[in-house]
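Undergrad: Here you go, one structure.
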Amino acid sequence: MEILLQQIINGLVLGSMYALVALGYTMVYGIISLINFAHGEVLMVGAMVSWTVVTFLQEAAPDLPGWLMMLISLVCAIVVCAALNFTIEKVAYRPLRSAPRLAPLITAIGMSILLQTLAMIIWKPNPKPYPLLLPTEVIEIGGAVITVTQVIILVATALILTGLLWLVNKTKLGRAMRATAENPRVAGLMGVRPDMVISATFIIGAALAAVAGVMWAANYGSVQHSMGFLPGLKAFTAAVFGGIGNLTGAMVGGVLLGLIEALGAGYIGELTGGVFGSHYADIFAFIVLILILTLRPSGLLGERVADRA
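Residue numbering for the sequence shown is 11 to 319, as defined by our numbering.
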């Protein structure tokens, strides 16, 4: 029972980070039907910028509290990632908006490789330890343990997801996003500026990825130029799992995928008699992707059409 509870906690933490990145995928797809495969690299850039800022602050102002260093690094990561995603959309995707779908897809893959290469040049290829900035005490729940960092990740994710739903459903920008998703030309005739809405969507998605990147670095304690590829791919799986273009679906898909992966990692050795170990956990995300695409291509909650954002 303790192992089950521990794996559920681990799955919720992992799924929360997947959900934040999946929202970036699903928002962009909901408006311009583009899978931005460079989104995982935005997560990586956020983590690397945070590491850079924290390292600088530890040398320049060592007396600052750890939580304040993390907060400052998070703000810097969000700003850099937002500017990066805005530039990517304007330079790489906007000129191809009327092109066949294969062109922006290939461009997105190329942008992913380009960002990884640039990050390797800037930060070097070796993994870097992310400093412990938050209290290291653990909280015991029914025999399982959860760290302060993980509690903050869960609470912050819940608040961010609630705020995003409010933004999309209750604000003027959210209405403009939904209108652009339904019909950009008609939305333009009604006074909406589709280019501005699309740029805002990329910026919001980048901010979410930056937060997820800092969370990932703080939880796992390491950053590297290639760290965004696999989480980005799994977050895309989560978006498809829940229903690409569906905000609620991306959240549900991310959390469920995290739970499936954590429970699979915890029990795969026992179920296979030791043939497979926890290091095979990555296969579960892609098994889920294959099953969903085969049995329910629209995802668990279905793809949004008229009300997606």
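C-beta atoms are modelled at their ideal positions from N, C-alpha and C, and glycine is treated no differently.
Assign Leu78 to one of two classes, buried (16 or more other C-beta atoms within 10 Å of its C-beta) or exposed (fewer than that).
TA: exposed
Undergrad: Excluding the 5 residues preceding and the 5 following Met237 in the sequence, name in chain order all residues of the same chain whose CB lies nearer than 6 angstroms to its CB.
TA: Met54
Undergrad: Roughly how many angstroms lie between the CA atoms of Phe251 and Leu84, to the nearest whole one?
TA: 29 angstroms
Undergrad: Hey, could you find the ends of the alpha helix (DSSP H) Thr97 is sitting in?
TA: Gly76 to Ile98
Undergrad: Closer than 7 angstroms by C-beta to Leu164: which residues in its own chain qualify, once you throw out the five before and the five after it? Chain order, please.
TA: Leu22, Val23 and Ser26
Undergrad: Looking at the secondary structure, which residues open and close the beta strand (DSSP E) in which Ala154 lies?
TA: Ala154 to Thr157
Undergrad: With a threshold of 8 angstroms on Cβ separation, who are the neighbours of Lys138 within its own chain once the five nearest residues in sequence on each side are excluded?
TA: Trp61, Ser232, Val233 and Gln234
Undergrad: Determine the direct distance from the alpha carbon of Met261 to that of Leu171, and round the result to whole angstroms.
TA: 8 angstroms
Undergrad: Please report the distance separating the alpha-carbon of Glu12 from that of Ala295.
TA: 24 angstroms
Undergrad: Mind checking which residues open and close the beta strand (DSSP E) that includes Val348?
TA: The chain is shown from 11 up to 319; residue 348 falls before or after that span and cannot be answered.
Undergrad: Considering only residues of the same chain and omitting the five flanking positions on each side of Ala316, which have a CB-CB separation below 7 angstroms?
TA: Legend: pLDDT at Ala316 = 42, less than 50; position of this residue unreliable, no value from coordinates given.
Undergrad: In whole angstroms, what is the alpha-carbon distance linking Leu341 and Leu267?
TA: Any property of residue 341 remains undetermined from this structure, which presents the chain solely from 11 to 319.
Undergrad: With DSSP as the reference, label Val315 as helix, strand or coil.
TA: Unreliable positioning characterises Val315 in this predicted model, as indicated by a pLDDT of 45, which lies under 50. A coordinate reading is not provided.
Undergrad: Measure the Cβ-Cβ separation of Gly56 and Ala219 and say whether it is below 8 angstroms.
TA: It is a contact, given that the beta carbons lie within the stated cut-off.
Undergrad: So is the beta-carbon of Leu266 under 7 angstroms away from any non-hydrogen atom of the ligand ADP?
TA: As presented, the structure is devoid of all ligands, the ligand ADP included, so that no description of it is given.
Undergrad: Between Thr36 and Asn256, is the Cβ-Cβ spacing less than 8 angstroms?
TA: yes
Undergrad: List the endpoints of the continuous alpha helix (DSSP H) containing Gly13.
TA: Per the sequence presented here, residue 13 reads as Ile, with Gly not at that position. If you look at Ile13, you'll find it in the alpha helix (DSSP H) that goes Glu12 to Ile42.
Undergrad: Have a look at Ala87, Glu51, Ile45 and His49 and flag the residue whose alpha-carbon is nearest the alpha-carbon of Val64.
TA: Ala87
Undergrad: I'd like to confirm the pairing. Which residues does DSSP put opposite Ile151 in its beta bridges?
TA: Answer is Ala154.
Undergrad: Leaving out the 5 sequence neighbours to the left and right, which residues in its chain are closer than 8 angstroms to Ile213 when beta-carbon positions are compared?
TA: Ala92, Asn95 and Phe96
Undergrad: Determine the extent of the alpha helix (DSSP H) in which Met225 is found, giving its start and end residues.
TA: Pro204 to Tyr230
Undergrad: Which of helix, strand or coil does DSSP assign to Pro139?
TA: strand
Undergrad: Answer with buried or exposed for Asn20, where buried requires no fewer than 16 other C-beta atoms within 10 angstroms of its C-beta.
TA: Here Asn20 is buried, its C-beta having at least 16 other C-beta atoms within 10 Å.
Undergrad: Rounded to the nearest angstrom, how far is the Cβ of Ala186 from that of Ala197, given a contact under 8 angstroms?
TA: 7 angstroms
Undergrad: Does the Cβ of Ala136 have 16 or more other Cβ atoms within 10 Å, making it buried, or fewer, making it exposed?
TA: Note on residue identity: the sequence assigns Asn, not Ala, to residue 136. Classification for Asn136: exposed.
Undergrad: Determine, using beta-carbon pairs with one atom in the region 241-250 and one in the region 127-135, whether at least three such pairs fall under 8 angstroms.
TA: The region 241-250 makes no contact with the region 127-135: fewer than 3 CB pairs, one atom from each, lie closer than 8 angstroms.
Undergrad: Can you give me the C-alpha to C-alpha distance between Arg318 and Met225, rounded to a whole angstrom?
TA: In this predicted model, Arg318 has a pLDDT of only 42, less than 50, meaning its place in the structure is not dependable; the value taken from the coordinates is given anyway. About 27 angstroms.
Undergrad: Excluding sequence positions up to five away, which residues of its chain have a Cβ less than 6 angstroms from the Cβ of Gly259?
TA: Gly252, Gly253, Gly309 and Leu311
Undergrad: Between the beta-carbon of Leu33 and the beta-carbon of Leu175, is there less than 8 angstroms?
TA: no
Undergrad: Are Ile82 and Leu106 closer than 8 angstroms when you measure CB to CB?
TA: no
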